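In case it helps, our numbering puts the sequence shown at residues 4 to 287.
Below is one structure, written out as structure tokens, with a few remarks after it.
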Amino acid sequence: MGTFIGHISPGLAFLSFGLLYAVRYSWMVLNGCRDQYPPRNMSTRGFLKSLPAEGIMKLIYGFLAVMAEFFFPPGVQKLRFFNLSDPNFHFQNPNEWQHATMYGYFCMSGALDIISQACLSTRCPLLEHVGVTAAFFVTTLLLKFHAHGKEAVEMQVHLLLLLTCAITCAILIFELWWPNQPNLWFTKAWSVLVQGTWLLHVAFILYKPPTGHYWNGEDPADLMFLTTFYCWHLAFNAGLTGALFWATYLVHRRFGAKFINAGYQLAEKGELEKLTLDDGDEEL
4 MGTFIGHISP GLAFLSFGLL YAVRYSWMVL NGCRDQYPPR NMSTRGFLKS
54 LPAEGIMKLI YGFLAVMAEF FFPPGVQKLR FFNLSDPNFH FQNPNEWQHA
104 TMYGYFCMSG ALDIISQACL STRCPLLEHV GVTAAFFVTT LLLKFHAHGK
154 EAVEMQVHLL LLLTCAITCA ILIFELWWPN QPNLWFTKAW SVLVQGTWLL
204 HVAFILYKPP TGHYWNGEDP ADLMFLTTFY CWHLAFNAGL TGALFWATYL
254 VHRRFGAKFI NAGYQLAEKG ELEKLTLDDG DEEL
């Protein structure tokens, strides 16, 4: 991950998950659904039709990322913990092993999604949710101890990434007890989008600055602008989440009759206002 492409690839992965979450949750709310993990019966759908897109994405992204950590560029091999010829047995490749551990947990989460939705006779929401919560928790933990020996700019961009990942992790922990809160759904989608766009930006900050001049960790102005740009990402992705909801709303209204025939329940015209109701209020 300590390269330009090593930040671009996970950035695109998180961005794709954030887009998926935003569109999926918008669609669910507009269909009047308040169950984040609606029940599925594998016996009536078949294995291939039951395969979850999110699970497949996590499995593929995670596996490829782990392989890239150890075997990219072609010809290298970084699987060794330490060199047997070293009398002090100093650990080797610590960054690669930390990155591989992060990606491995997302790969595991994808496998649990597939098991729950395509292998078990009835869906097990707790299995899926614990898997993705563990993935973000481990990522947060490893990011906390990932900046050893790094210079100020790299430390700060990873600290801001840690903050975003911690927010996502906190939301997922809340959802263990309150899984059917649309406000938490959209906050999670926004947070994952921020992780994606920030990682993409970090790739250019650290490795390919558009100006051609690298950031100076000893210049307070440079460090202050890192936080400023991060705050812009927060606002941009909040707007993107709203725009995706609005686009989904337009598609939903335009093709609503087809979804009625397909067995979906269309939302009422006051759906946007109902989104902010408490549990004790009227259901969506």
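For each residue, glycine too, the CB sits at the ideal point set by N, CA and C.
Computed from a predicted model, the values in this text were never measured in an experiment.
Query - Where the alpha helix (DSSP H) containing P128 begins and where it ends - result: In the sequence shown, counting from the first residue as 1, residue 128 sits at position 125. Looking at the DSSP string, the run of the alpha helix (DSSP H) that includes P128 is P128 to K147.
Query - Buried/exposed call for C172, threshold 16 Cβ in 10 Å - result: Translated into the one-based positions of the sequence shown, residue 172 becomes position 169. Buried: at least 16 other Cβ atoms inside 10 Å.
Query raised in the report: Expressed to the nearest angstrom, what Euclidean distance is found between the alpha-carbon atoms of N186 and V69?
Result: Here residue 186 refers to the residue found at position 183 of the sequence shown. Here residue 69 refers to the residue found at position 66 of the sequence shown. Each residue's Cα considered, the two are about 33 Å apart.
Query raised in the report: Can you pull the DSSP bridge partners for F66?
Result: Counting from one through the sequence shown, the residue named residue 66 turns up at place 63. Per the DSSP secondary-structure output, F66 pairs with nothing in a beta bridge.
**Report entry** Distance, G220 Cα to F40 Cα
**Finding:** Position 37 of the sequence shown, counted from the first residue, corresponds to residue 40. Position 217 of the sequence shown, counted from the first residue, corresponds to residue 220. Inspection of the sequence shows that residue 40 is occupied by Tyr rather than by Phe. Straight-line Cα distance between these residues: approximately 45 Å.
Query - F85 - partner residues in DSSP beta bridges - result: By 1-based counting over the sequence shown, the position of residue 85 is 82. In DSSP, F85 forms a bridge with F94.
Report task. Within its chain, find whatever has a CB closer than 6 Å to the CB of N96; leave out the 5 residues flanking it on each side and keep chain order. Result -> What you label residue 96 is simply residue 93 of the sequence shown in a count that begins at 1. Taken in chain order, the residues that qualify are K81.
Query raised in the report: Leaving out the 5 sequence neighbours to the left and right, which residues in its chain are closer than 6 Å to K61 when beta-carbon positions are compared?
Result: As a first step, residue 61 must be located in the sequence shown, where it is residue number 58. Within the same chain, K61 has close Cβ partners F109, S112 and G113.
Requested in this report: Please look up how many angstroms separate the CB atoms of I176 and S194, rounded, as I've assumed it's under 8 Å.
Outcome: As a first step, residue 176 is located in the sequence shown; it is residue number 173 there, counting from the start. As a first step, residue 194 is located in the sequence shown; it is residue number 191 there, counting from the start. Actually they are not in contact, since the Cβ atoms of I176 and S194 sit about 13 Å apart, beyond 8 Å.
Query raised in the report: Roughly how many angstroms separate the alpha carbons of L253 and G21, rounded to a whole number?
Result: In the sequence shown, residue 253 corresponds to position 250, counting from 1. In the sequence shown, residue 21 corresponds to position 18, counting from 1. Within the model, the alpha-carbon separation for L253 versus G21 is close to 20 Å.
Query raised in the report: Roughly how many whole angstroms lie between the Cα atoms of V133 and E57?
Result: Translated into positions along the sequence shown, residue 133 becomes position 130. Translated into positions along the sequence shown, residue 57 becomes position 54. Inter-residue distance for V133 and E57 is about 15 Å (C-alpha atoms, whole angstroms).
Requested in this report: Provide the residue span of the alpha helix (DSSP H) that contains W180, from first to last.
Outcome: Here the question's residue 180 lines up with position 177 in the sequence shown. A155 to W180 is the extent of the alpha helix (DSSP H) around W180.
Query raised in the report: Sorted by chain position, which residues of the same chain lie with C-beta nearer than 7 Å to I11's C-beta, five sequence neighbours on each side aside?
Result: Mapped onto the sequence shown, residue 11 falls at position 8. Sequence-distant Cβ neighbours of I11 in its own chain, meaning closer than 7 Å and more than five residues away, are L203 and A206.
Report task. Pick helix, strand or coil for R37, following the three-state DSSP scheme. Result -> If you number the sequence shown from 1, residue 37 lands on position 34. Residue state, collapsed to three classes: coil.
Report task. Tell whether a beta-carbon distance below 7 Å holds between K153 and F7. Result -> The residue labelled residue 153 in the question sits at position 150 within the sequence shown. The residue labelled residue 7 in the question sits at position 4 within the sequence shown. Contact: no.
Requested in this report: Out of I174, T143, L196 and E178, state which residue places its alpha-carbon closest to the alpha-carbon of L162.
Outcome: Start at 1 with the first residue of the sequence shown, and residue 162 comes out as number 159. Nearest C-alpha to L162: T143.
**Report entry** Residues near C168 by beta carbon distance below 7 Å, same chain, minus five either side
**Finding:** If you number the sequence shown from 1, residue 168 lands on position 165. If the five residues before and after C168 are omitted, its C-beta is found closer than 7 Å to the C-beta atoms of F139, T142, T143, L146 and Q198, all from its own chain and listed in chain order.
Requested in this report: Please state if the CB of E99 and the CB of E131 are separated by a distance shorter than 7 Å.
Outcome: Counting from one through the sequence shown, the residue named residue 131 turns up at place 128. Counting from one through the sequence shown, the residue named residue 99 turns up at place 96. Cβ atoms of E131 and E99: not closer than 7 Å.
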